[in-house]
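Data block below; observations after.
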Amino acid sequence: MDAREFCLPIPPLKQWQAEIKRRPAPLFSGLSADAPEGARSIRLFVRPYAPFAPEAGKPTLSAFYLASQSLYESVRTGCERPAFRLPLKPILAGYGIGARGRNSLISIAGMGTYFAVEAAWSTEEAPSRSWTEEPPLAEDCQGCDRCLRACPTGALDGEGHVDTSRCLRALAAKNAPPMPEAAMAMTGASLWGCDLCQLACPRNAGIAPVPMPEEVRKAISLSRLLAGDTRDLAPLIGTNYARKARMRIRACLVAACLQKKEHLSAVRALESDPLVGPYARWAARRLEGDVQDGVEADTRR
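Residue numbers for the sequence shown follow our numbering, so the first one is 2 and each next one is one higher.
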């Protein structure tokens, strides 16, 4: 499906502003609903993508980050006034473009939850469009709890909110203080993104996974990432996600979870790093067999 564009009135988002004051969370940091002078509408850009098919024993990466970075660059270079700080989920749901799910993600007909979205301010007058400040959960979510059962940390409350102190993606994005070791053990093969609640969601049933492109597979080589080589990855997912230390952390965890013992020496070499060290030390212990599922093994037996 091709990308879609919407010209929308500037939404009030009063209840959203009240909500973030009542439920502060790191994922809301930096977002703002305030329109700049002269803006009369917003242009919303929605680009669908297909998830990458997993390959047993190999590191993976959510295709969302590539779609998001591509769209971000398109809006950054092609629009005079990008609106990167707008809270886009409530806008999509409030204007009925998408529907809220129990996992907090928005679904759009034909795309499921697999899409990236960006916005830009515009001086155009937007067509009239109905607005619902607090739309209900999607009809498909009524009586369904698959995402709740799929979430390994119980971060979903079932009402469309995420506890970011427990969400694996949110924990991974912080770097410091180190995420709990039990969460490290849940990383699995994913270098960025959890996606378990999306994989379980019936709203995505019609979206077929695609093979990971070879350029992406080469860019996420554990050997390269442990060495701090993100030159090929940064253009694909953005320099913020592809920071050297961040990717070394993620590579340590994935190497340990996949039991890639051939990377043990590279992991050990990072144990003294101030930021990566806690993750590297845990990963080394797991690769050596002293940690199982985040818990120290009893080596006295």
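Even glycine gets a Cβ: it sits at the ideal position worked out from N, Cα and C.
Inter-residue distance for Q18 and A34 is about 8 Å (C-alpha atoms, whole angstroms). For the 8 Å CB-CB criterion, L192 and A184 do not form a contact.
Judged by DSSP secondary structure, A121 falls within the beta strand (DSSP E) whose first and last residues are F116 to S123.
A contact between stretches requires three or more CB pairs, one per stretch, nearer than 8 Å, and the segment 44-53 fails this requirement with the segment 153-166. With respect to the 8 Å criterion, A257 and L288 are classified as neighbours on the basis of their beta carbons. Under the three-state reduction of DSSP output, I107 falls in the strand class.
The C-beta distance from W122 to A4 rounds to 19 Å, too long to meet the 8 Å contact threshold. Note that the C-beta distance between F65 and G194 is below 8 Å.
Restricting attention to R86, L67 and I109, the CA atom closest to the CA of Y96 is found in I109.
Going by C-alpha positions, S75 is about 22 Å away from I107. Buried is the label assigned to A220, since at least 16 other Cβ atoms lie within 10 Å of its Cβ. E119 is positioned such that its CB atom lies closer than 8 Å to that of Y73. I43 is bridged by DSSP to L9 and W122. Within the same chain, Cβ atoms closer than 8 Å to the Cβ of S131 are found at Y96 and G97, the five residues on either side in sequence being excluded. Distances from the CA of L271 to each of L93, L259, R251 and G290 were compared; the closest alpha carbon is that of R251.
V217 and S71 have their C-alpha atoms some 14 Å from each other.
Of the candidates R170, A228 and C148, A228 places its Cα closest to the Cα of R249.
When the Cα atoms are used, R41 and L67 turn out to be separated by approximately 30 Å. With respect to the 8 Å criterion, L157 and P91 are not classified as neighbours on the basis of their beta carbons. In the DSSP annotation of this structure, the continuous segment of the alpha helix (DSSP H) that includes Y66 starts and ends at A64 to G79.
Taken through DSSP and simplified to helix, strand or coil, G113 comes out as strand. Of the residues P52, A84 and R204, the one whose Cα lies closest to the Cα of S105 is R204.
Remark: C-beta atoms of C168 and G102 do not approach each other more closely than 8 Å. Taking the CA atoms as reference points, G144 sits about 35 Å from G58. Contact between Y115 and P212 is ruled out by a C-beta separation of about 16 Å, above the 8 Å threshold. For M248, the uninterrupted alpha helix (DSSP H) segment begins and ends at K245 to C258. Using a Cβ distance threshold of 8 Å, L259 and A284 do not count as a contacting pair. With fewer than 16 other Cβ atoms from the protein chains shown falling within 10 Å of its own Cβ, R150 counts as exposed.
Rounded to whole angstroms, the separation of the alpha carbons of L223 and G278 is 17 Å. CA-to-CA, the gap between A84 and I11 works out to about 12 Å. Between the C-alpha atoms of A100 and A117 there is a straight-line separation of about 15 Å.
Residue nearest to C142 within the set R170, A127 and G113 is G113 (criterion: CA-CA distance). Of the candidates E38, A54, S63 and L32, the residue whose Cα lies closest to the Cα of L234 is S63.
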